[in-house]
Amino acid sequence: MRDFDSFQQALDDAQDPHGAARRRAADALQAQEVAAAGLAGSGAESRPERESESGAGAGAEAEAGVKGVIAGVEGRAAASKVEVPADDGYILQLTRSMSLVLDEFYQGLRYAGVSALTGQGMNELFEKISEAGQEYYDDYYPEIEATKRRRAEEEARRVQEGVDRLHADAKGGKSTGVGEAAAQTTAASNGLVGAATAATHSAVAAAASGPGAPRSSLGRGVAMGIDSTHGDGGASGGKPAAATAGRVSSASPPPAVTSECRPPVITPADALAAAQSQEQRMQSAPRIGVMANGRRLEPSDHSVPSSKRGESRSESESESMQLAKARAAAVAAKQWMDAEENERVRSKREAVMLSGTADS
Amino acid sequence: MAGSGKTTLLQRLHSHSHAAGSPPYVINLDPAVQHLPYVPNIDIRDTVNYRDVMKQYGLGPNGGIMTSLNLFATRFDKVLDIVEKRAGEVRHVFVDTPGQIEVFTWSASGNIITETLAGTVPTVLLYVVDTPRCASPVTFMSNMMYACSILYKTRLPFVIAFNKADA
């Protein structure tokens, strides 16, 4: 209601006898306008102001407000100069400070007085528009071009980063992840029945192309599981399945807890599924398989250097052996899954302890 | 500013351009206008029915205008295509906007329309002021504050037309 005060002050200035009637005006906006007009009017000359006041006294308050505005305008026009009286009314103070704020804005302001009705000042307006059009080319256009360029660069950099990351992932995957594991698997089982190798490959590939693509621990877990299975099978083929399983379960957790791996939540179940599918494939796969690189794998394929093969891999390892290993892997995966489940239930400290024991 | 005579001024700009021998291209973006004193080349009313929008969405007048504009903004790329195609032929493209500052200047669609237009063709803002009403210092000041806010928001070249100078 500060503007109402200024309004009242304006009334006092004009020595309005009907101030009380006007004070009842509820609409703040209207009061504001009346106040402004009244001030302008009182600043110029008091005649129109009095006229409006008498109108206010006689008629309704709303009407008085409108008349006050008109009278104020008339009074100001009579003085032919905006005279804002020295006053401490809120609106006045605000207007003053705003006018100071706008000083900078006025400096470069392009304006034209026109009349849409009579067409007065249209040429000037068109001139100003042309000037402003030039300003667009001078100021705005370089700016927008710079913005566009910056955006394009950012986009290009983002794409490049993505490509780099993809390359890095592909490379990393080859050296440490799926690729390596697959290579190990290949090496380990190269001497084996070709069908088994192909099946292993497809199982790993299926797992790796799952949700996590190259970085997924899933593929690695499976690959490592298979790898260790093969390794065990190769080193001591007669070892009981339980030992193999133990080996797998101890080998598997690390990828699950390393930082670059995905959360282990999806890993065990998928590993189990992958292992099972491997088993199924082994049962149904043809004896001569085709590797991922298109090379046909014969049961007696010697084209791979012997150094890459398993040290003591016997070429005549039977298919039933493979099946047993796959089952062992499945069991291992299941155990791992159970272990993971337990680990999830336990506290963090216990989990750390568990991983410590698993590592040892 | 509402009621400052934008549409009438546009009619004057239109006829003045015609008289000068360079017919302009005119786009009307005010869905609520009843009658236009000029014939626009593109009219938002051909695309969106303001009354239906109000009825369908249960909106008031301003909400109706805003929603109509939002709907139209989704197709504004077509308008830009046309404007770009005609850019070589016409000297001026005039765009008539809704008068409510909050509806056009401070809405997402108004922003989209202004910025895409400014990114496509040289754009100048014409702020139309109702001169007789500016006799009151407070009205004048709020008008200027609006103008200033729009200038700083869009950062586009700015011309203020003090309309109704004959009054």
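Here the protein sequences line up with chains A and U, keeping their order. Here this note's numbering is used: the first residue of the first sequence is 356, the next is one more, and so on. Here this note's numbering is used: the first residue of the second sequence is 5, the next is one more, and so on. For every residue, glycine included, the Cβ atom is placed at its ideal position computed from N, Cα and C. Quantities reported herein were computed from a predicted structural model and do not represent experimental measurements.
Sort U/Thr158, U/Tyr150, U/Asp134, U/Ile116 by Cα distance to U/Ile105 and report the nearest one. For the residues U/Thr158, U/Tyr150, U/Asp134, U/Ile116, the minimum Cα distance to U/Ile105 belongs to U/Tyr150.
So who's on the other strand from U/Asn167, going by DSSP bridges? By DSSP's assignment, U/Asn167 forms a beta bridge with U/Asp134.
Nearest residue (CA-CA) to A/Leu447, options U/Met145, U/Ser153, U/Leu129: A/Leu447 has its Cα closest to that of U/Met145, out of U/Met145, U/Ser153, U/Leu129.
Does A/Glu509 get closer than 8 Å to chain U when you measure Cβ to Cβ? Judged by the 8 Å Cβ criterion, A/Glu509 is not in contact with chain U.
Assign U/Lys10 to buried or exposed, taking buried as 16 or more other Cβ atoms, counted over all protein chains shown, within 10 Å of its Cβ. By the neighbour-count rule (16 or more Cβ atoms within 10 Å), U/Lys10 is buried.
Selection from U/Glu119, U/Asp170, U/Tyr61 that minimises the alpha carbon distance to U/Leu84: Ranking the options by Cα distance to U/Leu84, first place goes to U/Glu119.
With H, G and I counted as helix, E and B as strand and the rest as coil, what does DSSP make of U/Gly9? Of the three classes helix, strand and coil, the one that applies to U/Gly9 here is coil, per DSSP.
Which of the residues in the segment 45-69 of chain U, read from start to end, lie with their CB under 8 Å from any CB of chain A? Cβ contacts with chain A come from no residue of the segment 45-69 of chain U.
Which value, in whole angstroms, describes the spacing of the CA atoms of U/Phe162 and A/Glu490? Spanning the two alpha carbons is a distance of roughly 9 Å.
Counting only beta-carbon atoms, is A/Tyr445 nearer than 8 Å to chain U? Not a single CB atom of chain U sits nearer than 8 Å to the CB of A/Tyr445.
Residues bridged to A/Tyr466 by DSSP? Its beta-bridge partners are U/Ile164.
Roughly how far, in whole angstroms, is the beta-carbon of U/Asp134 from the beta-carbon of U/Ser8, given that I think they are within contact range, below 8 Å? The pair is a contact, with the Cβ atoms about 4 Å apart (cut-off 8 Å).
Of all Cβ atoms in chain A, is any one closer than 8 Å to the Cβ of U/Ala91? Closer than 8 Å to the CB of U/Ala91 there is not a single CB belonging to chain A.
Inter-stretch contact at 8 Å, needing at least 3 Cβ pairs: the segment 447-461 of chain A / the segment 136-145 of chain U: In short, these stretches touch, since the Cβ pair count reaches three.
Through-space distance from A/Gly474 to U/Gly1, alpha-carbon basis: Residue numbering for chain U in the displayed model covers 5 to 171; residue 1 of chain U lies beyond these limits and cannot be assessed.
Can you pull the chain A residues whose beta carbon is under 7 Å from the beta carbon of U/Asp134, in chain order? Among the residues of chain A, none has a CB under 7 Å from the CB of U/Asp134; the nearest is roughly 11 Å distant.
Name the DSSP beta bridge partners of U/Val52, please? None; U/Val52 has no bridge partner.
Identify, in the order they occur along the chain, each residue of the same chain with its Cβ nearer than 8 Å to the Cβ of A/Ala381, setting aside the five sequence neighbours on each side. Since pLDDT at A/Ala381 reaches only 41, below the 50 mark, its modelled position is unreliable, and the value read off the structure follows with that caveat. Contacts found: none.
I need the straight-line Cα distance from U/Ala77 to A/Asn478, nearest angstrom please. So the alpha carbons of these two residues sit roughly 32 Å apart.
Just curious, the beta strand (DSSP E) that U/Asp100 is in, first and last residue? Here the beta strand (DSSP E) through U/Asp100 covers 97-100.
With a cut-off of 8 Å, does the C-beta of U/Leu160 fall near any C-beta of chain A? Answer yes: the Cβ-Cβ gap between U/Leu160 and chain A drops below 8 Å somewhere.
Near the ligand ATP: U/Ala6 beta-carbon under 7 Å from a heavy atom: Ligands displayed in this structure: none; no statement on the ligand ATP is therefore possible.
Own chain, CB closer than 8 Å to A/Gly649, minus 5 neighbours either side, in chain order: The pLDDT assigned to A/Gly649 is 47, lower than 50, so where the model puts this residue is not dependable; a value taken from the coordinates is nonetheless given after this. For A/Gly649, there are no CB contacts under 8 Å within the same chain when 5 residues up- and downstream are skipped.
According to DSSP, is U/Ala47 part of a helix, a strand, or is it coil? Going by the sequence as given, residue 47 of chain U is Asp instead of Ala. U/Asp47 falls in the strand class under three-state DSSP.
Does U/Gly7 come within less than 8 Å of chain A when only Cβ atoms are used? Residue-level contact check: U/Gly7 does not touch chain A, since none of the beta carbons of chain A fall below 8 Å from its beta carbon.
Going by alpha carbons, who is nearest to U/Thr127 out of U/Asp170, U/Gly103, U/Val87? Ranking the options by Cα distance to U/Thr127, first place goes to U/Val87.
Roughly how many angstroms lie between the CA atoms of A/Ala335 and A/Met676, to the nearest whole one? Given a span of 356 to 715 for chain A in the structure shown, any question on residue 335 of chain A remains unanswerable.
Can you check which of these residues, U/Arg137, U/Pro27, U/Val97, is closest to U/Leu130 by C-alpha distance? For the residues U/Arg137, U/Pro27, U/Val97, the minimum Cα distance to U/Leu130 belongs to U/Val97.
Tell me, please, whether the CB atom of U/His20 is closer than 8 Å to any CB atom in chain A? The Cβ of U/His20 sits closer than 8 Å to at least one Cβ of chain A.
Nonlocal neighbours in the same chain, by C-beta distance under 6 Å from U/Tyr29, ignoring five residues either side: Within the same chain, U/Tyr29 has close Cβ partners Asn45, Arg90, Val94, Val97.
Quick check: what's the CA-CA separation for A/Glu508 versus A/Tyr496? Straight through space, the alpha carbons of A/Tyr496 and A/Glu508 are spaced by roughly 18 Å.
With 16 as the cutoff for other CB atoms within 10 Å, does U/Lys168 come out buried or exposed? Around the CB of U/Lys168, 16 or more other CB atoms lie within 10 Å, so the residue is classed as buried.
Can you tell me the Cα-Cα spacing of U/Leu121 and U/Lys82, whole angstroms? When rounded, the distance between both Cα atoms is 12 Å.
Closer than 8 Å to chain U by CB, A/Ala399: Low per-residue confidence applies at A/Ala399: pLDDT is 41, beneath 50, and the placement is therefore not dependable enough to give any value.
Alpha carbon of U/Gly114 to alpha carbon of A/Glu486, nearest angstrom: In this model, U/Gly114 and A/Glu486 are separated by some 24 Å (Cα to Cα).
Tell me which residues share the same chain as U/Tyr54 and place their Cβ nearer than 8 Å to its Cβ, disregarding the 5 neighbours each side in the sequence. Closer than 8 Å at the Cβ level, and outside the excluded window around U/Tyr54, lie Pro35, Ala36, Gly68, Ile69, Ser72.
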